[in-house]
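Enquirer: Counting in numbering that gives the first Met the number 0, the sequence shown runs from 0 upward without gaps. What follows is a single structure, and I will ask about it in a moment.
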Amino acid sequence: MSISMKDVQNQTLEESFKLTRVGVRNVKKPVDVRRPEKNVTLVVNFDLYVDLPAELKGSHMSRNLEVLSRVIDESVREPVSSLEDLGAKICKELLARHEYATCSEVNMSADYFLERGINGGSKSLERYVLTASAESRRNGQTKKCIGVEVIGMTACPCAMEAVLSLQGKERMAEGGDIAPSITHNQRNITTLSLEVPGDYQLEADELIQIVETSLSSPTHEILKRTDEAKIVLQAHSNPKFVEDVVRDILKVIVERFNDFPDDVKVRVKSESFESIHKHNAYAERDTIMGELRA
């Protein structure tokens with residue numbers, strides 16, 4: 000016996016409102032990514048959306064999951080070139096399945112590990128977060144972004160200067176180098192997101208390297224006593240505000256990706272978790288390449 004069910008989502012409304020994002024969140028799937036230098040399997044968290052016109056009661060959300068499952072099944076047979084390209088493909092499929100939508104969006108994040116060590120010392124797999132997104136419009140325009148989240152360390156320049164003043168010491172050591180001094184440290188989380196123009200390929204490892212070298216020091220899971228001392232000395236020889244971290248990253252982005260078009264979006268966020276305050280320090284720049292060049 001067949002049962003007739005009413006399609007509630009397709010009910011029409013009068014004098015209602017358009018919604019910009021309707022969909023599903025926190026869907027986890029394995030994805031095989033094939034890069035020029037290595038292959039990696041990631042457990043990716045997906046958020047998938049389309050817009051919803053004012054006259055339509057609901058979105059067919061099961062279609063989002065059907066699209067995702069089919070595209071992921073294909074990636075098992077043939078690894079994808081990048082998360083952002085995978086997102087662009089999903090976005091186009093979402094528009095094909097949601098005929099009422101004018102735009103679609105996919106946001107992705109995944110844990111990512113790289114082996115790191117201190118000058119021949121102990122090595123460990125360090126955790127980072129990869130982010131990627133894609134957005135497609137019915138007119139055929141698709142935009143892609145890739146990003147990274149890095150945990151590191153900053154050392155406060157302000158407290159360092161105050162300590163030096165109280166101790167009656169000079170800021171500069173012999174030869175003009177900054178003299179390491181006592182200050183308070185902060186665990187820092189910095190994110191960098193960059194739009195990917197056209198068929199250009201960005202390496203997440205390179206973005207991680209840009210962020211890590213812009214901090215006072217990287218951090219590591221495994222550190223012996225000598226390595227701990229090296230990290231502390233490195234950070235105190237390179238004190239930075241969150242403002243310094245963001246600006247140093249932006250400077251490298253402009254220099255390293257000088258062939259990117261002016262309308263490419265760039266976003267950098269840095270947050271230091273204070274050790275002597277109950278608040279955190281934060282800085283951000285949301286911009287485009289043309290503004291940075293200017």
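C-beta: ideal position from N, C-alpha, C; glycine also.
1) At what residue ranges does the stretch 130-216 contain a whole run of the alpha helix (DSSP H), taking only runs of 4 or more?
2) Using only CA atoms, which one of 61, 118, 191 lies nearest to residue 295?
3) Give me the Cβ distance between residue 288 and residue 251, rounded to the nearest whole Å; I'm assuming they're in contact under 8 Å.
4) Kindly indicate which residue of 62, 230, 20, 63 has the alpha-carbon position closest to the one of residue 51.
5) Using C-beta distances below 8 Å, list every residue in its chain close to residue 328, excluding the 5 sequence neighbours before and after it, in chain order.
6) Is DSSP giving residue 254 helix, strand or coil here?
7) What do you get for residue 40, buried or exposed, if any count of 16 or more other CB atoms within 10 angstroms of its CB means buried?
8) Indicate whether the contact test is met: 3 or more Cβ pairs, each with one atom in the stretch 62-74 and one in the stretch 108-116, closer than 8 Å.
9) Identify the residues that DSSP records as bridge partners of residue 122: which are they?
10) Label residue 238 either buried or exposed according to how many other C-beta atoms from any shown protein chain fall within 10 Å of its C-beta, with 16 as the threshold for buried.
11) By a C-beta neighbour count over all protein chains shown, 10 Å radius and 16 as the cutoff for buried, is residue 270 buried or exposed?
12) Could you spell out where the alpha helix (DSSP H) holding residue 84 opens and where it closes?
13) In whole angstroms, what is the alpha-carbon distance linking residue 189 and residue 218?
14) Which residues in the same chain as residue 86 place their Cβ atom closer than 7 Å to its Cβ, once the five residues preceding and following it in sequence are excluded?
15) Comparing alpha-carbon positions, which option in 93, 89, 154, 30 lies nearest residue 274?
16) Any heavy atom of the ligand PLP closer than 7 Å to the Cβ of residue 47?
17) Can you name the residues that DSSP bridges to residue 45?
18) Terminal residues of the continuous alpha helix (DSSP H) containing residue 71?
19) Between residue 90 and residue 59, what straight-line distance do the alpha-carbon atoms span, to the nearest angstrom?
20) Could you work out which residue in 149, 24, 46 is closest to residue 306 when comparing CA atoms only?
21) Buried or exposed: where does residue 294 fall if 16 or more other Cβ atoms within 10 Å of its Cβ makes it buried?
22) Comparing alpha-carbon positions, which option in 156, 227, 100, 117 lies nearest residue 138?
23) Check whether the Cβ atoms of residue 70 and residue 32 sit closer than 8 Å, and answer yes or no.
24) Between residue 17 and the rest of its own chain, which residues show a CB-CB distance below 8 Å, the 5 nearest in sequence each way excluded?
25) Short of 8 Å in beta carbon distance, which residues of its chain neighbour residue 209, apart from the five on each side in sequence? Order them along the chain.
26) Assign residue 117 to buried or exposed, taking buried as 16 or more other Cβ atoms, counted over all protein chains shown, within 10 Å of its Cβ.
27) Can you give me the C-alpha to C-alpha distance between residue 81 and residue 220, rounded to a whole angstrom?
28) Where residue 46 and residue 165 are concerned, what is the direct C-alpha to C-alpha distance, given to the nearest angstrom?
29) Terminal residues of the continuous beta strand (DSSP E) containing residue 282?
Expert: Taking the structure as given:
1) 156-166, 203-213
2) Summary: the structure shown does not reach residue 295, with the chain confined to residues 0 through 293, and so no result is reported for it.
3) Here the question's residue 288 lines up with position 289 in the sequence shown. Here the question's residue 251 lines up with position 252 in the sequence shown. With 8 Å as the limit, residue 288 and residue 251 do not qualify as a contact, their Cβ atoms being about 13 Å apart.
4) In the sequence shown, residue 51 corresponds to position 52, counting from 1. Of 62, 230, 20, 63, the residue nearest in Cα terms is 20.
5) Any property of residue 328 remains undetermined from this structure, which presents the chain solely from 0 to 293.
6) Numbered from its first residue, the sequence shown carries residue 254 at position 255. Helix.
7) Within the sequence shown, the letter at position 41 stands for residue 40. With fewer than 16 other Cβ atoms within 10 Å, it is exposed.
8) no
9) Against the sequence shown, residue 122 aligns to sequence position 123. Looking at the DSSP assignment, residue 122 forms a beta bridge with 116.
10) Residue mapping note: residue 238 aligns to position 239 of the sequence shown, counting from 1. By the 10 Å Cβ count, residue 238 comes out buried.
11) One-based indexing of the sequence shown puts residue 270 at position 271. Buried: at least 16 other Cβ atoms inside 10 Å.
12) Mapped onto the sequence shown, residue 84 falls at position 85. Here the alpha helix (DSSP H) through residue 84 covers 82-96.
13) Here residue 189 refers to the residue found at position 190 when the sequence shown is read from its first residue. Here residue 218 refers to the residue found at position 219 when the sequence shown is read from its first residue. Taking the straight line joining both Cα atoms gives about 13 Å.
14) Numbered from its first residue, the sequence shown carries residue 86 at position 87. Taken in chain order, the residues that qualify are 105, 107, 131, 132, 133, 143.
15) Against the sequence shown, residue 274 aligns to sequence position 275. Among 93, 89, 154, 30, the Cα nearest to that of residue 274 is on 154.
16) For the structure depicted, the ligand PLP is absent and the ligand set is empty, with no information on it obtainable.
17) As a working note, residue 45 is residue 46 in the sequence shown. Its beta-bridge partners are 26, 107.
18) Numbered from its first residue, the sequence shown carries residue 71 at position 72. First-last of the alpha helix (DSSP H) with residue 71: 60-76.
19) Along the sequence shown, one-based indexing puts residue 90 at 91. Along the sequence shown, one-based indexing puts residue 59 at 60. Near 15 Å, if we compare the C-alpha coordinates of residue 59 and residue 90.
20) The structure shown does not extend to residue 306, since the chain is modelled only from 0 through 293, so no value can be given for it.
21) The question about residue 294 has no answer here: the residues shown for the chain are numbered 0 through 293.
22) By 1-based counting over the sequence shown, the position of residue 138 is 139. Ranking the options by Cα distance to residue 138, first place goes to 100.
23) What you label residue 70 is simply residue 71 of the sequence shown in a count that begins at 1. What you label residue 32 is simply residue 33 of the sequence shown in a count that begins at 1. Against a cut-off of 8 Å, the Cβ pair of residue 32 and residue 70 comes out as no contact.
24) Taking the sequence shown and counting its residues from 1, the one referred to as residue 17 is at position 18. The answer, listed in chain order, is 50, 51, 52, 53.
25) Within the sequence shown, residue 209 is the residue found at index 210, counting from 1. Result list for residue 209: 191, 248, 251, 252, 255, in chain order.
26) Counting from 1 along the sequence shown, the entry for residue 117 is found at position 118. Flag for residue 117 reads buried.
27) Position 82 of the sequence shown, counted from the start, is the residue given in the question as residue 81. Position 221 of the sequence shown, counted from the start, is the residue given in the question as residue 220. Whole-angstrom Cα-Cα distance: 27 Å.
28) Walking along the sequence shown from the start, residue 46 turns up at place 47. Walking along the sequence shown from the start, residue 165 turns up at place 166. If I take the Cα positions, the gap works out to 52 Å.
29) Residue mapping note: residue 282 aligns to position 283 of the sequence shown, counting from 1. It spans 279-287 - the beta strand (DSSP E) in which residue 282 sits, taken as one unbroken run.
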